[in-house]
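>
2 protein chains.
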Amino acid sequence: MTSTLEIIQPSAGLDIGSTELTSLTSFIETFPLQGESLYSIVFKRNSDIVQTQKARFAVVNLEKILTATFAVSATSGFDRMSLRDLSRQTGMSMGSIYSCISKKEDIASMIADIVRLSSELTRQHAMQSDSIWSKIEQSIRFHLYASTLLQPWYFFLYFETRCLPQEQQRESKKIELDGIKSFEAQIQDGVDAGEFHTNDARMVANTIVVLLEDWYLKPWKTLSPWKANISIEQQEKQINNYSQSIIELVRKLLVDS
Amino acid sequence: MTSTLEIIQPSAGLDIGSTELTSLTSFIETFPLQGESLYSIVFKRNSDIVQTQKARFAVVNLEKILTATFAVSATSGFDRMSLRDLSRQTGMSMGSIYSCISKKEDIASMIADIVRLSSELTRQHAMQSDSIWSKIEQSIRFHLYASTLLQPWYFFLYFETRCLPQEQQRESKKIELDGIKSFEAQIQDGVDAGEFHTNDARMVANTIVVLLEDWYLKPWKTLSPWKANISIEQQEKQINNYSQSIIELVRKLLVDS
DNA sequence: ATAAAAATAGAACGAGCGTTCGATTTATTA
DNA sequence: TAATAAATCGAACGCTCGTTCTATTTTTAT
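Protein chains in written order, with our numbering: chain X, 45 to 301; chain U, 45 to 301.
#1: Check whether the Cβ atoms of U:ALA102 and U:THR96 lie closer than 8 Å to each other.
#2: Going by Cα to Cα distance, which pick from X:GLU204, X:ASP92, X:GLU292 and X:TYR260 is closest to X:VAL116?
#3: What did DSSP end up calling X:VAL103 once you bin it into helix, strand or coil?
#4: For U:TYR142, report the span of its alpha helix (DSSP H) as first-last.
#5: Which residues, taken in chain order from the segment 107-123 of chain X, show a beta carbon closer than 8 Å to some beta carbon of chain U?
#6: Excluding the five sequence neighbours on either side, which residues of its own chain have a C-beta within less than 8 Å of the C-beta of U:THR63, listed in chain order?
#7: Tell me whether X:TRP177 sits in a helix, a strand or coil according to DSSP, three-state version.
#8: Within 8 Å of any Cβ in chain U, is that where the Cβ of X:PHE101 sits?
#9: Just the chain X side, please: which residues come within less than 9 Å of U:ASP244 by C-beta, in chain order?
#10: For U:ILE231 versus U:THR242, is the C-beta distance shorter than 8 Å?
#11: Count the other CB atoms within 10 Å of the CB of X:VAL294; is the residue buried (16 or more) or exposed (fewer)?
#12: Could you tell me which chain U residues have their CB closer than 8 Å to the CB of X:ARG214, listed as they occur along the chain?
#13: May I ask you to list, following chain order, the residues of the segment 196-209 of chain X that have a beta carbon less than 9 Å from some beta carbon of chain U?
#14: If we count the other Cβ atoms within 10 Å of its Cβ and call it buried at 16 or more, is U:GLY223 buried or exposed?
#15: Nearest-angstrom Cα distance between U:LEU49 and U:ASP244?
#16: Are X:LEU298 and X:VAL248 touching if we call contact CB-CB under 8 Å?
#17: So, for U:ILE109: in the same chain, excluding its five sequence neighbours on each side, which residues have a beta-carbon less than 7 Å away from its beta-carbon?
#18: Report buried or exposed for X:LYS262, applying the criterion of at least 16 other Cβ atoms within 10 angstroms of its Cβ.
#19: To the nearest whole angstrom, what separates the beta carbons of U:SER183 and U:PHE227, a pair I think is in contact under 8 Å?
#20: Got a sec: is the Cβ-Cβ distance from U:ASP258 to anything in chain X below 8 Å?
#21: For U:MET303, which residues in the same chain have their Cβ closer than 6 Å to its Cβ, ignoring the five residues on either side in sequence?
#22: Going by DSSP in three states, U:LEU255 sits in which element: helix, strand or coil?
#23: Once DSSP output is grouped into helix, strand and coil, what is the label at X:LYS265?
#24: Secondary structure at U:ASN243, three-state DSSP: helix, strand or coil?
#25: For chain U, check one thing: does any of its Cβ atoms lie closer than 8 Å to the Cβ of X:MET247?
#26: Name the chain X residues whose beta carbon is nearer than 8 Å to that of U:THR192?
#27: Out of U:ILE290, U:GLN288 and U:LEU65, state which residue places its alpha-carbon closest to the alpha-carbon of U:HIS169.
#28: What span of residues does the alpha helix (DSSP H) with X:LEU297 cover, start to end?
#29: Taking U:PRO196 as part of the alpha helix (DSSP H), name the residues at either end of that continuous run.
#30: Can you confirm whether X:VAL254, when its beta carbon is compared against all beta carbons of chain U, has any partner nearer than 8 Å?
#31: Quick check: U:GLN17 and U:LEU77, are their CB atoms within less than 8 Å of each other?
#32: Apart from the five residues just before and just after X:GLU181, which ones in its own chain have a Cβ nearer than 7 Å to its Cβ?
#33: Taking the alpha helix (DSSP H) that U:LEU208 belongs to, which residues open and close that run?
#34: How many whole angstroms separate the CB atoms of U:LYS148 and U:LEU127, which I take to be in contact at a CB cut-off of 8 Å?
#35: Under 8 Å between beta-carbons, which chain X residues line up against U:LYS370? List them in chain order, please.
#36: Alpha carbon to alpha carbon, how far is U:MET136 from X:ASP233?
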């Protein structure tokens, strides 16, 4: 059996479009990891684990399982969530659940896989920009958009990393470090080109990353009160406020004085 | 039985000194929540739970239990840590463990209690400064010092909040929000007094808080490579670097331009 | 409509959990 | 030093967990 870790082939057929992103609405038009196709992707990328053969059944059941996992484990944690809880919440029998997974841990692995894929897409998108500043700005925007649409997924991976096999735990840490390094490199490029001024590129990079994390980790902060069924327009407004706040903050740290 | 939550009486006998803090070394001289006395405090504050009567035994055993809890749950999480793990790690029998606690959850409650107490001390300390800027700077320094000495405690509470009873969960969230509000109010004071310039005091406050959290949450970031037995001098150096970085960052956001 | 294949159901199993409790050892007191 | 109290021990209990497995139902193909 191939480990989930190895199956990551982010560029495999997924197109993220090439336009400059300026709104959540336009992001939604191109981002592949959402709606029904999200669970189709989960199904395809875990075909070695999922015993159910017909996509029609698998996609529906994976959605049930993952949605219920987010709901239950957000309050009680993945370890405390029993598969009987899951069975109750989804209305599926044990047998059905176990035809989508081979063991409980698989659920966490599938989630981790999608978040890693999303991170990979973020990186790819940023590389398309030409100017240094635009690269930074687009990285921030794309990350905020993606982590908004996939909020429960990002949240889960952050808090339940310890439920993954060690290899995947290390991979998750690595992704965060890569994110910091990537911002740091871009900032350093700007400094070298005379566009920015700072003597602590890493600190600025790190600040960006923790502010991005804060967005999906703390929906309860008054910064972005996460209501159940908030309208797209309101979401657009909030996310624009926050991305503008981050971008202005970074500009102050890099450009002023 | 009194709930752990109600027992918090931070000012009860604990003196935190009144000098301006400028180094970890000087902090260590006055901070009460460290060394042996830390576990004496744990014992006293949980006398309604701990069945062991003689402090001589209780303090030693509480230290064993909590130390082992930090070690085991840092990698596998509190839920996965069985009391048999704990028994093996501490060399204590089940009976001994259960004379310090009445149920597993008590361990988490005791830790939460100390972190809350530490947060309360931080707030008290900051209020002693006279100038606005000094209040902010001292809050940052005190928080970094305290969360360095109590790193496993802070880390545990952040990741294991969900193991606590709901009432205590809410209390933990509240403490973070209070921290943000407190910084925000101080910044706003500065703006009103004409000392600072910003149109987003909350964003700056929030940035400070997430950077402070980052310090104890991510010891593996190259920012502060957390070695097992790092010398006090090295720790002093690292913590000074980081606090200077935060303070300079805040200064740029509030003072420049 | 019938036969084959796939999906679903839920009872059953063994392992490991948190917790209890009486026996035993160690410490304190007179 | 004997008597009492406190601390420690670890086997035992009941329960819930992840997982398995066979019978049954539903879907698909002929």
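By construction, the Cβ of each residue, glycine as well, lies at the ideal position given by its N, Cα and C atoms.
Taking the structure as given:
#1: yes
#2: X:GLU204
#3: helix
#4: It is not in any alpha helix (DSSP H) - U:TYR142 carries neither H nor E in the DSSP assignment.
#5: THR119, SER120, GLY121 and ASP123
#6: SER70 and THR74
#7: In the structure shown, X:TRP177 sits in a helix (DSSP, three-state: H, G or I).
#8: no
#9: SER289, GLU292 and LEU293
#10: yes
#11: buried
#12: Result: empty, since nearest Cβ-Cβ is about 10 Å, beyond 8 Å.
#13: Hits within the stretch, in order: PHE203, GLU204, ARG206 and CYS207.
#14: buried
#15: Confidence at U:LEU49 is low in this model, with a pLDDT of 37, below 50, so the placement of that residue is unreliable and no value is reported for it.
#16: yes
#17: LEU130, THR134, ILE141, CYS144 and ILE151
#18: Buried.
#19: Their Cβ separation, rounded to whole angstroms, is 7 Å, which keeps U:SER183 and U:PHE227 in contact under 8 Å.
#20: yes
#21: Past the boundaries of the shown model lies residue 303 of chain U; chain U is included only from 45 to 301, so the question cannot be answered.
#22: helix
#23: coil
#24: coil
#25: yes
#26: Going along chain X, no residue has its Cβ under 8 Å from U:THR192, so there is no contact; the nearest lies around 17 Å.
#27: U:LEU65
#28: 276-298
#29: It spans 195-204 - the alpha helix (DSSP H) in which U:PRO196 sits, taken as one unbroken run.
#30: yes
#31: Nothing about residue 17 of chain U can be reported from this structure: the residues present for chain U run from 45 to 301 only.
#32: Result list for X:GLU181: ILE291, in chain order.
#33: Where U:LEU208 is concerned, there is no enclosing alpha helix (DSSP H), given that its DSSP letter is neither H nor E.
#34: 6 Å
#35: Outside the modelled stretch of chain U, which goes from 45 to 301, sits residue 370 of chain U, for which no answer is possible.
#36: 56 Å
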